[in-house]
Structures are given as C-alpha cells and as structure tokens.
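Student:
Numbering (the working numbering), first residue to last: -15 to 116.
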C-alpha cells in the first residue's frame, strides 16, 4: 500500500559511503583509531537490483578526503572494492501502512509465508545524538 506521506528513504538516491583509515594493524575498528586516508561514495540504483543479483561497482577506486570518485592518479591511495546486491529468496519484507516505520520480515517456505519479526525505525535529530 502506497501512502501520500513523504518517505525518509525516497527523498535521496541511495549511496554507499566508505571511509578508509590508516592505523596500526590489530587495533580497534573505531573511527578514532587511525588517520583518515579518504572516502569513497558509490551510488546505488536500487530499482535495477529488485529480484536479481547486480554488481554496482567492481574494481579499483582512488580515494580522496572529499568522498568523491577520483581518477587513478599516481601517488593517491586506492581501494579495490566490489559492491553487489543479491536478493535472498528466503526472506521477504512486507510493508503495511508507513513503510519507513514498521516493516515485517517474513520467511518464505514454498508457498507459505511465516512472520519472523518486525522492527520499528525512527529518525533522531543531531541534538538528540549529542545528548547521549
């Protein structure tokens, strides 16, 4: 069911943002543990990924601090990245009412769908995140 309310997920196109840090091997995965080498942003066209496997990107990318794709320039850090989407036919998301707030996950077994769990999403403001 489609609602006339604005959606949190439709306003912008989907993107995968990857930040690459340099640090000592074996240290924690936290953001504060190393020096930022750069960022990469991969646009994701999710409409083409419905119901079939798709590769959004496969290969080398030059990374820079602004988070945009850069050409292969000697001396710049590079990242070999494969981004793909593969549908899992065992599980289905069913949206009822407000899709951005309450999807239900169903397990598909033959022609039968069994509810597995539901989840509720909410949006927080930056001030709410800083107060924690």
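Glycine included, C-beta positions come from ideal geometry on N, C-alpha and C.
For the beta strand (DSSP E) holding residue 30, just list the boundary residues, first then last.
Tutor: Here residue 30 refers to the residue found at position 46 when the chain shown is read from its first residue. Counting along the chain, residue 30 falls outside any beta strand (DSSP E), and DSSP gives it neither H nor E.
Student: Cα-Cα, which of -3, 63, 102, 96 is closest to residue 6?
Tutor: As a first step, residue 6 is located in the chain shown; it is residue number 22 there, counting from the start. Of the candidates -3, 63, 102, 96, the one whose C-alpha sits nearest the C-alpha of residue 6 is 63.
Student: Checking the sheet assignment: what are the DSSP bridge partners for residue 36?
Tutor: Indexing the chain shown from 1 puts residue 36 at position 52. Answer by DSSP bridge pairing: none, since residue 36 is not bridged.
Student: Please say whether residue 67 and residue 26 have beta carbons closer to each other than 8 Å?
Tutor: If you number the chain shown from 1, residue 26 lands on position 42. If you number the chain shown from 1, residue 67 lands on position 83. Contact flag set, yes.
Student: Can you give me the Cβ contacts of residue 45 inside the same chain, cut-off strictly under 7 Å, excluding the 5 residues immediately before and after it?
Tutor: Locating residue 45 in the chain shown gives position 61, counting from the first residue. Around residue 45: 24, 53, 62, 63, 65.
Student: Grab the span of the beta strand (DSSP E) containing residue 64 for me, first residue to last.
Tutor: Numbered from its first residue, the chain shown carries residue 64 at position 80. It spans 62 to 69 - the beta strand (DSSP E) in which residue 64 sits, taken as one unbroken run.
Student: Note down the Cα distance separating residue -3 from residue 29, rounded to an integer number of angstroms.
Tutor: Here residue -3 refers to the residue found at position 13 of the chain shown. Here residue 29 refers to the residue found at position 45 of the chain shown. Computed Cα separation, rounded: 8 Å.
Student: Spatial neighbours of residue 36 within its chain, please: C-beta separation below 8 Å, excluding the five flanking residues on both sides.
Tutor: Numbered from its first residue, the chain shown carries residue 36 at position 52. Taken in chain order, the residues that qualify are 71.
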